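Inspection log for the structure reproduced underneath, given as structure tokens.
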Amino acid sequence: MQKSLKTLILKRFQTLSLDDIITFANKHDLPETKRHATKILHISHSLDPFKQDDLILFFNQLLTFLPKKEVTYLHQYLITTINKYDLITLFD
């Protein structure tokens with residue numbers, strides 16, 4: 000993935016609101032993601048868009064408290080969104 004694309008994704012994670020995460024979790028039937036929305040928000044806001052490894056760190060941190068199937072779904076959703084270059088709707 001291009002460095003600038005990773006930066007764009009990380010910047011988008013930093014702008015997420017609690018409502019964004021809860022709405023996404025409800026829309027995609029991710030109950031644990033919804034339950035841990037505050038923790039996810041805290042992690043996403045601590046990401047540094049200029050540290051490319053933070054995207055990997057983000058998913059590794061999610062694995063510490065979310066079921067693997069939900070983290071896999073989130074990861075796959077991100078990949079699908081990137082492949083479509085539909086970054087504006089990320090977490091919509």
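The numbers in numbering that gives the first Met the number 0 rise by one with no breaks, and the one at position 8 of the sequence shown is 7. Note that beta-carbon positions come from the ideal geometry of N, C-alpha and C, so glycine has one too. If you're wondering where the values come from, they're calculated on a predicted model, not measured in any experiment.
{"Item": "Does DSSP put His27 in a helix, in a strand, or in coil?", "Value": "coil"}
{"Item": "Helix, strand or coil: which one does DSSP assign to Ser45?", "Value": "coil"}
{"Item": "Below 8 Å, can you find three or more Cβ-Cβ pairs linking the region 26 to 36 to the region 46 to 56?", "Value": "no"}
{"Item": "Could you tell me if Leu62 is buried or exposed, where buried requires 16 or more neighbouring beta carbons within 10 angstroms of its beta carbon?", "Value": "exposed"}
{"Item": "State the CB to CB distance for the pair Leu65 and Glu31, rounded to an integer number of angstroms; the pair is presumed to be in contact (CB under 8 Å).", "Value": "5 Å"}
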